[in-house]
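Undergrad: Take this structure, written in structure tokens, and hold onto it; I'll ask about it next.
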Amino acid sequence: MAPSLTLPTTDFGKANPFIAHLGFVLTQFSGGQSEIHYTAKPEHLNSYGVTHGGAVMTLLDVTMAMAARSDLEHTGVVTVEMKTSFMRPSHGPLVARGKLLHRTATLAFTEGTVFDEHGKACAHATGTFKTIKRLPVGGKKVHDFNSPSLQNDA
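Residue numbers for the sequence shown follow the working numbering, beginning at 42 and rising by one.
Set out below in structure tokens:
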């Protein structure tokens with residue numbers, strides 16, 4: 042059963058400031074399928090004026106992760122492996138579509154494609170994700186574990 046989200050949304054089920062900064066909008070999230078819309082901001086372009094490859098890979102990573110999570114509840118995923126092929130420059134508003142291909146007890150195998158405003162495929166990726174149960178972290182944040190006082194105790 043998929044987590045309950047009202048679509049379209051910028052809420053991906055767990056706070057992620059990097060995704061919020063990029064401005065991804067989730068428009069599909071069910072049955073092993075996902076779709077995310079993204080328009081690159083000027084600071085997300087490379088020196089050729091097209092969407093930076095790192096932003097495109099992040100879009101694919103998040104899209105495939107959402108496809109992997111779309112039929113699970115109270116479960117997250119982390120990327121184990123990802124392979125990306127860039128086929129053409131990514132111009133204008135982009136749409137990424139992800140698909141869950143296969144699931145085992147602990148792994149999800151996915152694929153994703155980014156399309157430009159004309160519906161042409163710009164990049165394609167495959168990804169493997171490990172499913173993880175979301176656990177409380179005792180009120181601590183990642184930054185708490187990286188504090189200088191903790192590093193000096195090591």
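Using N, Cα and C, we set each Cβ at its ideal position, and we do this for glycine too.
Values in this document were obtained by computation on a predicted structure and should not be read as measured data.
With DSSP collapsed to three states, give me the class of LEU67.
TA: strand
Undergrad: State whether the region 153 to 169 contacts the region 116 to 124, with contact taken as three or more CB pairs (one from each stretch) at a distance under 8 Å.
TA: They touch, by the three-pair rule.
Undergrad: Here's the rule I'm using: 16 or more other beta-carbon atoms within 10 Å means buried, otherwise exposed. How should SER131 be labelled?
TA: Flag for SER131 reads buried.
Undergrad: Taking all protein chains shown into account, do 16 or more other C-beta atoms lie within 10 angstroms of the C-beta of ALA56, making it buried, or fewer, making it exposed?
TA: exposed
Undergrad: Could you say if the region 134 to 151 and the region 105 to 122 meet the contact criterion of at least three C-beta pairs nearer than 8 Å?
TA: yes
Undergrad: Please determine if the region 64 to 81 and the region 89 to 106 are in contact, where contact requires at least 3 C-beta pairs separated by less than 8 Å.
TA: yes
Undergrad: What does the alpha-carbon distance come out to for the pair THR47 and GLN74?
TA: 15 Å
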